[in-house]
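Here the structure is laid out as C-alpha cells; the discussion comes afterwards.
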Amino acid sequence: MTHIRFRPVRAAAPSLRRGLAVLALPLLLAACASSPPVHYYTLQGPAPQAPAVPRAAAPFLLEVQGVNVAAQADQPQLMVRTGDGSVAALYSERWSSPLGDEIRGALSDALKHDLGALDVQVVKPGPSAPLWRVQTDVQRFDLVSGRMAQLDATWRVRPVNLKGNGLLCRSVVTETVSEAGVPALVAAQQRAVAALAGAMASAIRGQTPDSAGAVQMLGCSPLPESGK
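Residue numbers for the sequence shown follow the UniProt record's numbering, beginning at 1 and rising by one.
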C-alpha cells in the first residue's frame, strides 16, 4: 500500500512579510495622494465684535427651533448648480455639520446679535419664561456657480408668555458673487442667512418685514394670538 505524505505549510518567513509590507506601502501612499483633500465649510460667520458699550438684555428669550431643509439640498456635500441647469455634488467640499443644523446655528447667532437675547433651544427655560419661538422651513437652498446664492424659506415667529404679534412669512434672499469658487458661494450664503435673520428680527420687534436689499418678501400672514 502506497502512503502519501503531506508536507506542512509553513508560514511566510518574517523577512518575507517585511518585504511585502515595504512593497505595499508606496501603493497605499499613492492611493491616498490621489484622493483630493476634503474641505469643510460652515454657515456661521466670525463672531461679531462686541459693542463698546454693552446694551441692555432683551426682556425675552429666543427659541430658534430646528430647520427643515428640502431633501435635494439637505446633503453633507455642497450641491452646486451649473450653467446648463444640472446640479453637481462636490464630494470634497462638505458642510461641517448637517445643513439644517448649520442654518439653525447661523440664524441663532444673527438673531442673538440683532436682538440682544439668549437662545434657549438647547437649555430649556422655565415654563413661564417669555420667549419668541422661531420656526423655519427652507424650500430652496441654491448655490449657483459663479453667479449667486439663493435661499427660499417660509418662517414663523410666535410670542410665548408675552404680548406680541406672531407672523408667518415667506422670504427669498439672493446674494450675488463677484468671483468664482466655493468659498465665495459659501460667503454669499452666509450673508443670505444673516439677511433672513434680519427680516425675522424686524417681525419680532413688531415691524412688518419689507423687501429691501437682497431680501424679497413674498407675503406675511398674522398668526392667532397665543400665550403658549
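From the three backbone atoms N, C-alpha and C, an ideal C-beta is built for every residue, glycine too.
Please read these numbers as outputs of a predicted model, since none were measured by experiment.
Relative to the Cα of Ala71, the nearest Cα in the group Ala188, Ser178, Arg147 and Asp142 belongs to Asp142. Remark: fewer than three beta-carbon pairs, one from each stretch, lie closer than 8 Å, so the segment 73 to 89 and the segment 213 to 223 are not flagged as touching. Under the three-pair Cβ rule at 8 Å, the segment 53 to 71 counts as touching the segment 139 to 154. Under the three-state reduction of DSSP, Arg170 is assigned to strand.
In this structure, DSSP gives Ala153 an extended state, which the three-state scheme calls strand. Three or more Cβ pairs drawn from the segment 99 to 114 and the segment 179 to 195 lie within less than 8 Å of each other, which places the two stretches in contact. Looking at the DSSP output, Thr176 sits in a beta bridge with Met148. Distance from the Cα of Tyr41 is smallest, within the candidate group Ala47, Gln49, Leu78 and Pro59, for Leu78. Nearest Cα to Ile103 within the set Glu175, Ala214 and Thr136: Thr136. By the C-beta criterion, the segment 112 to 126 is judged to be in contact with the segment 58 to 67, since at least 3 inter-stretch pairs fall below 8 Å.
DSSP places Ala199 inside the alpha helix (DSSP H), whose first and last residues are Val182 to Ile204. Under the three-state reduction of DSSP, Gly85 is assigned to coil, being neither helix nor strand.
For the 8 Å CB-CB criterion, Val134 and Val157 form a contact.
Residue pairing by DSSP puts Arg94 in a beta bridge opposite Tyr40 and Gln77.
Note on geometry: alpha-carbon atoms of Ala149 and Ala188 lie some 6 Å from one another. Contact between Leu61 and Pro127 does not hold, since their C-beta atoms are separated by about 13 Å, which reaches or exceeds 8 Å.
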